[in-house]
Amino acid sequence: DNRYLPCQVRAASTEFVRVLYLDCYPQLRNLGRPSIPEHLWIYEVLEAQADLDAMPVIKKTTLKDDHAFPAFNITKSHKFHDNPDPLLSFPKHFKFYLLRQLTNAFVAECDTMVHNQGACNQLAAAMVRTIRDLLSFGFQSDLKKIKALVKGLVKLLDGRTDFKLLETTGGDDLDCFLDEFSPPESRFRLTSLSPAVTQVKTIIIDVLTSVSNLRANFRLSKLLHLFKEITEDRRTLRELKKFHAYVEANKVDKYEGSLVNQLYDEFESLFVAGGGAGPDP
42 DNRYLPCQVR
52 AASTEFVRVL
62 YLDCYPQLRN
72 LGRPSIPEHL
82 WIYEVLEAQA
92 DLDAMPVIKK
102 TTLKDDHAFP
112 AFNITKSHKF
122 HDNPDPLLSF
132 PKHFKFYLLR
142 QLTNAFVAEC
152 DTMVHNQGAC
162 NQLAAAMVRT
172 IRDLLSFGFQ
182 SDLKKIKALV
192 KGLVKLLDGR
202 TDFKLLETTG
212 GDDLDCFLDE
222 FSPPESRFRL
232 TSLSPAVTQV
242 KTIIIDVLTS
252 VSNLRANFRL
262 SKLLHLFKEI
272 TEDRRTLREL
282 KKFHAYVEAN
292 KVDKYEGSLV
302 NQLYDEFESL
312 FVAGGGAGPD
322 P
């Protein structure tokens with residue numbers, strides 16, 4: 042990233058890298074899934090040697106685990122696994138490390154938008170568009186990366202930090218001044234400069250939506266594992282079988298065991314406690 046180059050050149054270079062190297066096979070949007078959160082999960086692995094590195098398996102998960110979120114992965118069964126070209130066969134989500142560092146550093150440093158700086162806003166759009174693709178292709182898929190990413194994006198999204206224009210004074214020593222919106226509500230008025238700024242912010246919303254989907258996928262994995270533990274607990278199964286036998290005999294019509302409160306407590310903890318509270322933007 043050469044800051045001495047014009048923003049238009051940097052924006053075009055970023056787009057070239059994104060289109061020619063990132064947005065191509067074996068990278069797949071949404072990691073090749075029909076949706077995230079994922080709709081199909083493997084309850085039990087029947088074969089010890091099964092290649093399930095890219096499959097959602099119901100198991101105990103924490104945010105520190107490598108598999109906490111879906112991530113880019115070239116599995117042993119993938120046709121590019123043994124390809125001599127490292128661009129095709131690189132197996133893990135560290136593949137575009139430098140590109141991720143470039144875009145994240147830009148967002149971390151650019152915590153505001155100046156509406157009359159069209160070239161800079163064009164560069165910002167190229168950067169956040171690349172971030173969106175990195176996330177979609179599975180290269181931002183752990184808690185540390187997401188935390189590093191979201192803070193700067195939220196600052197850019199927050200219009201209260203926007204400025205109307207950047208002014209410079211003449212003379213030998215150029216001084217720059219940022220002109221605020223006055224009143225602040227005037228930043229919502231549609232002008233010829235609005236589309237470039239709005240484009241950046243809508244892409245950021247797309248990124249945050251994807252982060253929320255990853256969060257939902259993580260919580261779903263924990264909830265499914267909870268139900269799996271319940272179904273594998275013999276004491277709970279005996280209790281439920283006894284309840285259903287009583288229902289069939291018209292002796293009871295409402296379950297009043299401890300399982301109801303346990304499910305409520307566990308579900309609430311997915312949002313307010315432990316790892317469940319971690320992936321929020």
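For what it's worth, the numbering used here labels the leading residue of the sequence shown as 42, then goes sequentially.
For every residue, glycine included, the Cβ atom is placed at its ideal position computed from N, Cα and C.
Please read all numbers here as calculations on a predicted model, not as lab measurements.
When DSSP states are grouped into helix, strand and coil, Ile-115 belongs to the coil group. The alpha carbon of Ile-77 has as its nearest neighbour, out of Val-288, Glu-309, Thr-250, the alpha carbon of Thr-250. Under the DSSP assignment, Val-288 falls in the alpha helix (DSSP H) whose first and last residues are 275-289. Fewer than three Cβ pairs drawn from the stretch 280-294 and the stretch 198-209 lie within less than 8 angstroms of each other, which leaves the two stretches out of contact.
Boundaries of the alpha helix (DSSP H) harbouring Thr-144: 138-150, taken from the DSSP string. Put simply, the stretch 53-71 touches the stretch 170-182. At least three CB pairs are less than 8 angstroms apart.
Put simply, of Ile-245, Val-241, Arg-201, Asn-254 the residue whose alpha carbon is nearest the alpha carbon of Arg-228 is Arg-201.
Secondary structure of Val-238 (DSSP, three-state): helix.
Beta-bridge pairing by DSSP links Ile-83 to Val-98. One thing to note: Leu-198 has its Cβ no nearer than 8 angstroms to the Cβ of Leu-104. With the rule of 3 Cβ pairs closer than 8 angstroms, the stretch 292-302 does not count as touching the stretch 126-139. By alpha-carbon distance to Asp-106, the top candidate from Ser-182, Phe-121, Ala-165 is Ser-182.
Just so you know, the alpha carbons of Leu-267 and Leu-81 end up roughly 16 angstroms apart. Taking 8 angstroms as the cut-off, the beta carbon of Gly-193 is found closer than this to the beta carbon of Asp-152.
A direct Cα-Cα distance of roughly 11 angstroms separates Ala-52 from Gly-159.
Looking at Ser-233, Leu-311, Lys-101, the one whose alpha-carbon comes closest to that of Ala-109 is Lys-101. In the structure shown, Val-293 adopts coil according to DSSP, grouped into three states.
One thing to note: Phe-147 has its Cβ no nearer than 8 angstroms to the Cβ of Leu-72. In this structure, Leu-63 sits away from Leu-143, with a CB-CB distance that is not shorter than 8 angstroms.
Residue environment for Ser-233: exposed (fewer than 16 other C-beta atoms within 10 angstroms of its C-beta). Taking C-alpha positions only, Val-191 is separated from Asp-203 by approximately 18 angstroms. Rounded to the nearest whole angstrom, the CA to CA distance from Ile-115 to Ala-167 is 27 angstroms. Straight-line measurement puts the Cα of Glu-270 at about 11 angstroms from the Cα of Leu-278. Val-155 is bridged by DSSP to Phe-204.
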